[in-house]
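A short write-up of the structure that comes next.
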Amino acid sequence: MKKEEFRNLVERITDGSASDVEIALYNRYYHQYQKAGASWSEADMGEETAIKEKLKQRIDQKIKPVVIVPLWRRYIKYAAAAVVLLTLSTTLYLYFNTSFLKSSADLVQQDIAPGGNKAVLTLADGRTINLSDAVNGNLAEQAGIAITKNEDGKLTYTAGKVNVNHPVSYNTIATPVGGQYQVNLPDGTKVWLNAASSLKFPTSFAKLKERKVELTGEAYFEVTHSRDLPFVVKSGKQELSVLGTHFNINSYPDEGAIRTTLLQGSVIVRNLEKVKNKQLGKDSVLLKPEQQASLKDVFSVKVVDVEGVTAWKDGNFLFNDTDLKDIMKQVSRWYNVSVDYDEIPKNRFFTGFISRNVNLSRVLEMLEVTGNIQFKIEDKTIKITDLKKEPM
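Below you can see the structure in the form of structure tokens.
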């Protein structure tokens with residue numbers, strides 16, 4: 024990049040017309056320049072301050088929230104990191120990386136659209152309904168419970184005159200890779216299912232002593248309070264019990280642990296294997312808001328950034344000191360692509376956020392310009408090259 028081109032890019036940032044890729048490019052090359060030990064002149068400081076303020080306004084206003092910045096200073100909140108690290112100087116003399124430009128073109132040519140509202144509902148009698156194809160309105164009725172697909176893509180169970188003599192029946196809603204769905208249970212509890220997940224639940228809680236459901240994958244719950252009817256979630260070897268609160272459970276098999284994150288209220292999570300083996304004192308933990316329980320062989324509890332854990336429900340990826348391998352797991356599930364995990368550079372962490380509603384190329388471009396890595400999409404498989412191992 025010639026000096027005049029660099030000045031033009033500075034002007035686009037200060038007047039608010041710069042794209043997210045241009046801002047991320049600044050971040051990458053400035054960081055390389057800073058690592059080389061360059062110093063600032065007093066004349067540059069005024070313009071640098073103006074640029075930082077413009078970037079801060081952009082983050083505060085949440086305009087196009089798709090900038091991802093690598094975490095060079097650990098444990099910095101993502102917004103603050105974006106403001107602090109995206110600093111600039113008009114005296115820099117930078118060169119574009121031609122391999123990055125070629126890679127961006129390759130990504131666009133083989134682009135992949137984001138996931139969406141996709142799920143299959145299996146009724147108690149074995150019938151299946153593809154919710155993506157089903158028209159809005161009443162889908163079925165079971166023992167006095169009306170099952171409705173709403174205009175905004177939600178599945179709602181509404182209790183009418185329940186037949187108390189009818190045996191308890193169960194439905195299962197399952198999302199594919201690249202899918203998500205929200206279901207409102209008959210007690211008013213709201214459940215958001217992430218990609219590659221399923222929820223089995225009774226169509227009515229009327230005759231039951233507890234509201235028990237079974238989860239695989241990941242889901243966010245807003246449980247309607249009931250003092251007399253506990254809400255129970257079984258996920259693998261873990262069981263959670265609560266009267267009414269908000270929480271997230273991630274139980275994907277490839278995560279290596281079942282992670283339960285509490286947003287409000289309190290919950291008890293139990294290790295069913297320890298209960299079965301009667302290992303008293305090791306079978307359960309009580310969570311407080313902003314705590315996360317991870318269950319491998321035993322429980323461990325820590326405080327986490329709950330916004331990062333539940334961002335997927337609101338249509339975003341949000342990373343806070345997140346390892347690239349964990350990021351690619353999320354990308355793989357949402358965009359229905361394969362990843363060669365053996366090629367992923369180790370100990371590469373990122374902090375930032377990006378919409379889940381953009382094409383795959385947008386996500387990969389942001390990671391490319393901020394992390395010294397390069398991606399290529401081949402037959403729905405993401406290939407990764409570590410540029411730190413190659414001459415720039």
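Counting from 1, position 344 in the sequence shown corresponds to residue 367 in the numbering used here; the numbering is continuous, with no gaps.
All C-beta atoms, glycine included, are put in the ideal place defined by N, C-alpha and C.
Item                                                                                                                                                        : Value
Identify which residue in Arg293, Gly149, Ala157 has its Cα closest to the Cα of aspartate 320.                                                             : Arg293
Using 10 angstroms around the beta-carbon of valine 256, count the other beta-carbons present and answer buried if the total reaches 16, otherwise exposed. : buried
So, does the stretch 181–201 touch the stretch 223–240, judging by three or more C-beta pairs under 8 Å?                                                    : yes
Mind checking who histidine 269 pairs with in its DSSP beta bridge?                                                                                         : Glu245, Gln287
Have a look at the DSSP bridge pairing and note the partners of serine 40.                                                                                  : DSSP output for serine 40 lists no bridge partner at all.
In angstroms, rounded to a whole number, what distance separates the CA positions of leucine 144 and alanine 166?                                           : 17 Å
From tyrosine 204 to arginine 150, what distance separates their C-alpha atoms?                                                                             : 19 Å
Under the assumption that valine 265 contacts glycine 288 (Cβ atoms under 8 Å), give the Cβ distance between them as a whole number of angstroms.           : 7 Å
Just mark isoleucine 396 as buried or exposed, buried being the case when its beta carbon has 16 or more other beta carbons within 10 Å.                    : buried
At the level of alpha carbons, what is the spacing between arginine 35 and tyrosine 358?                                                                    : 32 Å
Starting from the Cα of aspartate 402, find the closest Cα among Ser40, Asp38, Gln133, Thr37 and give me that residue.                                      : Gln133
Counting along the chain, where does the alpha helix (DSSP H) carrying lysine 257 start and finish?                                                         : Premise fails: lysine 257 lies in the beta strand (DSSP E), 254–258, not in any alpha helix (DSSP H).
What alpha helix (DSSP H) runs, 4 residues minimum, are completely inside the stretch 176–205?                                                              : none
In terms of DSSP beta bridges, what is proline 225 paired with?                                                                                             : Tyr193
Which residue's Cα is closest to the Cα of asparagine 161: Ala334, Ala147, Ser155, Leu178?                                                                  : Leu178
Do serine 307 and isoleucine 281 have their CB atoms nearer than 9 Å?                                                                                       : no
Since valine 308 sits in a beta bridge, which residues does DSSP pair it with?                                                                              : Val292
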